[in-house]
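>
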Amino acid sequence: MSSEKKCCVPGCHGNSDAHTVLHLFPNPAKDMDRFMSWVFNIGGDILKFSNEYIYKNQRFCHTHFELKYCCRYNRISNIAVPTLNMPGLSTLKFTTTSIERRPLKSIENVSNILPSTSKGQALKKATFLKSKMTKTEQAFIRN
Numbered sequence: 001m002s003s004e005k006k007c008c009v010p011g012c013h014g015n016s017d018a019h020t021v022l023h024l025f026p027n028p029a030k031d032m033d034r035f036m037s038w039v040f041n042i043g044g045d046i047l048k049f050s051n052e053y054i055y056k057n058q059r060f061c062h063t064h065f066e067l068k069y070c071c072r073y074n075r076i077s078n079i080a081v082p083t084l085n086m087p088g089l090s091t092l093k094f095t096t097t098s099i100e101r102r103p104l105k106s107i108e109n110v111s112n113i114l115p116s117t118s119k120g121q122a123l124k125k126a127t128f129l130k131s132k133m134t135k136t137e138q139a140f141i142r143n
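For the sequence shown, the UniProt record's numbering gives the first residue as 1, with consecutive numbering after it.
#1: Give every residue of the same chain whose Cβ lies closer than 6 angstroms to the Cβ of Ser-77, excluding the five residues on either side of it in the sequence, and list them in chain order.
#2: Check each candidate in Leu-22, Lys-56, Ile-46 and Pro-10 and name the one with the smallest Cα separation from Phe-65.
#3: Which residues share a DSSP beta bridge with Leu-22?
#4: Which one or two residues does DSSP pair with Ile-76 in a beta bridge?
#5: Would you mind reading off the limits of the alpha helix (DSSP H) that contains Asn-41?
#6: Using DSSP with H/G/I as helix, E/B as strand and the rest coil, what is Asn-15?
#7: Using a Cβ-Cβ cut-off of 8 angstroms (strictly less than) and excluding sequence neighbours within five positions of Asn-27, which residues of its own chain qualify?
#8: Roughly how many whole angstroms lie between the Cα atoms of Lys-48 and Val-39?
#9: Just to check my reading of the structure: Arg-59 and Lys-6 have Cβ atoms closer than 8 angstroms, yes? What is that Cβ distance to the nearest angstrom?
#10: Assign Ile-46 to buried or exposed, taking buried as 16 or more other Cβ atoms, counted over all protein chains shown, within 10 Å of its Cβ.
#11: Under the assumption that Cys-61 contacts Gly-14 (Cβ atoms under 8 angstroms), give the Cβ distance between them as a whole number of angstroms.
#12: What separation, rounded to the nearest whole angstrom, lies between the Cα atoms of Gly-44 and Ile-79?
#13: Once the 5 residues before and after Thr-63 are set aside, which same chain residues still bring their CB inside 7 angstroms of it?
#14: Could you tell me the distance, in whole angstroms, from the CA atom of Lys-30 to the CA atom of Asn-41?
#15: Between Thr-20, Leu-24 and His-19, which has its C-alpha nearest Glu-52's C-alpha?
Structural data, given as structure tokens:
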């Protein structure tokens, strides 16, 4: 199989005959996340091909990459993701699942559920605990 010497983005006319710089897809064996983001950014017919076929035969032209990804000698950085002039990105229809929104249940008698943080309650509890302690334990706490 020979490489298709044109940009794989639908509607793009970049090809090697027009002296357009074409970039290979990331290697799916080494960087599957980035490879899949490239594939899903295009969408459409490319999804029916195998990863190996896409990697070996499909190309992106330089016009689909933001300037921040461009390096010297018409290369792109190793974190580049094509986002410019992508018809698939503007025509994607995101479906949302309906999420039922319900108000939180009201909590009644919160004072019975949560411990008190007032000094009065803490003092009562400390007095109770102190009465259960031996004189040796009380002396140890004072020191």
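Note that beta-carbon positions come from the ideal geometry of N, C-alpha and C, so glycine has one too.
On the basis of the data shown:
#1: Taking the first residue of the sequence shown as position 1, residue 77 is located at position 77. The answer, listed in chain order, is Tyr-69 and Cys-71.
#2: As a first step, residue 65 must be located in the sequence shown, where it is residue number 65. Here the closest residue by C-alpha is Leu-22.
#3: Taking the sequence shown and counting its residues from 1, the one referred to as residue 22 is at position 22. The partner list for Leu-22 (beta bridge, DSSP) reads Cys-61.
#4: Within the sequence shown, the letter at position 76 stands for residue 76. Its beta-bridge partners are Cys-70.
#5: What you label residue 41 is simply residue 41 of the sequence shown in a count that begins at 1. Asn-41 -> alpha helix (DSSP H) spans 32-42.
#6: As a first step, residue 15 is located in the sequence shown; it is residue number 15 there, counting from the start. DSSP places Asn-15 in strand when its eight states are reduced to three.
#7: Here residue 27 refers to the residue found at position 27 when the sequence shown is read from its first residue. Taken in chain order, the residues that qualify are Phe-35 and Tyr-55.
#8: Here the question's residue 48 lines up with position 48 in the sequence shown. Here the question's residue 39 lines up with position 39 in the sequence shown. Answer to the nearest angstrom: the Cα atoms are 10 angstroms apart.
#9: Start at 1 with the first residue of the sequence shown, and residue 59 comes out as number 59. Start at 1 with the first residue of the sequence shown, and residue 6 comes out as number 6. With a Cβ gap of about 7 angstroms, Arg-59 and Lys-6 count as contacting.
#10: The count along the sequence shown starts at 1 and reaches residue 46 at position 46. Result: buried.
#11: Along the sequence shown, one-based indexing puts residue 61 at 61. Along the sequence shown, one-based indexing puts residue 14 at 14. Rounded, the Cβ-Cβ distance is 3 angstroms, consistent with contact.
#12: Indexing the sequence shown from 1 puts residue 44 at position 44. Indexing the sequence shown from 1 puts residue 79 at position 79. Taking the straight line joining both Cα atoms gives about 23 angstroms.
#13: Here the question's residue 63 lines up with position 63 in the sequence shown. The answer, listed in chain order, is Gly-14, Leu-84 and Asn-85.
#14: Locating residue 30 in the sequence shown gives position 30, where the first residue counts as 1. Locating residue 41 in the sequence shown gives position 41, where the first residue counts as 1. Between Lys-30 and Asn-41, the C-alpha separation is close to 19 angstroms.
#15: Residue 52 sits at position 52 when you count from the first residue of the sequence shown. If we check each option's Cα against that of Glu-52, Leu-24 comes out closest.
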